[in-house]
Amino acid sequence: MNLIILTGNVGNDPEIRTVGDSKVALISLGVTKRGYTTKDGRKIEDRTTWFRVGIWRGLAEVVEKFVKKGDRLSVVGEMLSREYEKDGVKYTAWEVTASEIELLTPKKDGNKASSPTQSAPASQAAKEDDDQLPF
């Protein structure tokens, strides 16, 4: 089973692309593990790991409408890799393809836009063929 669940802060305004007849929203999601102090008094700092997240179709429209840099977001999806070559060097890139999202940032009272219910259904995030990925 390939399942990843992340909760973090959006690091960029969503980048919206069209691939064929589908829309995709690309974001960076920073997930922070809180620091602590060891028994011997040594401080361990917060550590943030950044994930590239691709959000497809109807969920991409939700993200385009309601998500911005700094928002708190929970993502359920699948971790995928792809290999590519640049300047003769082979690389592996990792990305989360979201099947569900939950918007965790409360909307301000002055915001007239209606926000979606707590989470968007996974059925809106059908997977695309690898050859249609926007990266």
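Using my numbering, read the sequence shown as starting at 33 and increasing by one per residue. Every residue, glycine too, gets a C-beta built ideally from N, C-alpha and C.
Under 8 Å Cβ to Cβ from residue i, same chain only, skipping five residues before and after it: list those, please.
i, result
"Ser-60", "Val-42, Gly-43, Asn-44, Trp-82, Phe-83, Arg-84, Val-85"
"Arg-100", "The sequence shown places Lys at residue 100, rather than the Arg named in the question. Same-chain partners within the cutoff: Val-42, Asp-45, Pro-46."
"Ile-76", "Gly-67, Tyr-68, Thr-69, Thr-70"
How would you label residue i, buried or exposed, when you count the other beta carbons within 10 angstroms and need 16 or more for buried?
i, result
"Ser-113", "exposed"
"Leu-105", "buried"
"Pro-46", "buried"
"Trp-126", "exposed"
"Gly-120", "exposed"
Helix or strand or just coil, what does DSSP make of residue i?
i, result
"Lys-71", "coil"
"Val-99", "coil"
"Gly-109", "strand"
"Arg-89", "helix"
Out of the options, point me to the one whose CA is closest to residue i's CA.
i, options, result
"Thr-129", "Asp-103, Val-108, Lys-75", "Val-108"
"Glu-132", "Met-33, Val-94, Lys-71, Thr-69", "Val-94"
"Asp-78", "Arg-66, Lys-71, Thr-70", "Arg-66"
"Glu-96", "Thr-64, Thr-39, Asn-34, Lys-55", "Lys-55"
"Gly-40", "Thr-80, Ile-48, Arg-49", "Thr-80"
Have a look at residue i and residue j and give me their C-alpha separation to the nearest angstrom.
i, j, result
"Asp-103", "Leu-136", "7 Å"
"Arg-89", "Arg-74", "47 Å"
"Leu-58", "Lys-140", "24 Å"
"Leu-6", "Thr-124", "Shown here, the chain extends from 33 to 167; a query on residue 6 therefore has no answer."
For chain D, check one thing: does any of its Cβ atoms lie closer than 8 Å to the Cβ of residue i?
i, result
"Lys-100", "Here there is only one protein chain, and chain D is not present."
What do you reckon, is the C-beta of residue i under 7 Å from a heavy atom of the ligand ZN?
i, result
"Val-51", "Summarising the ligand content, the structure contains no ligands, and the ligand ZN is consequently not present."
By Cβ distance, which residues of its chain are closer than 6 Å to residue i, with the 5 residues on each side in sequence left out?
i, result
"Ala-92", "Lys-55, Val-56, Ala-57"
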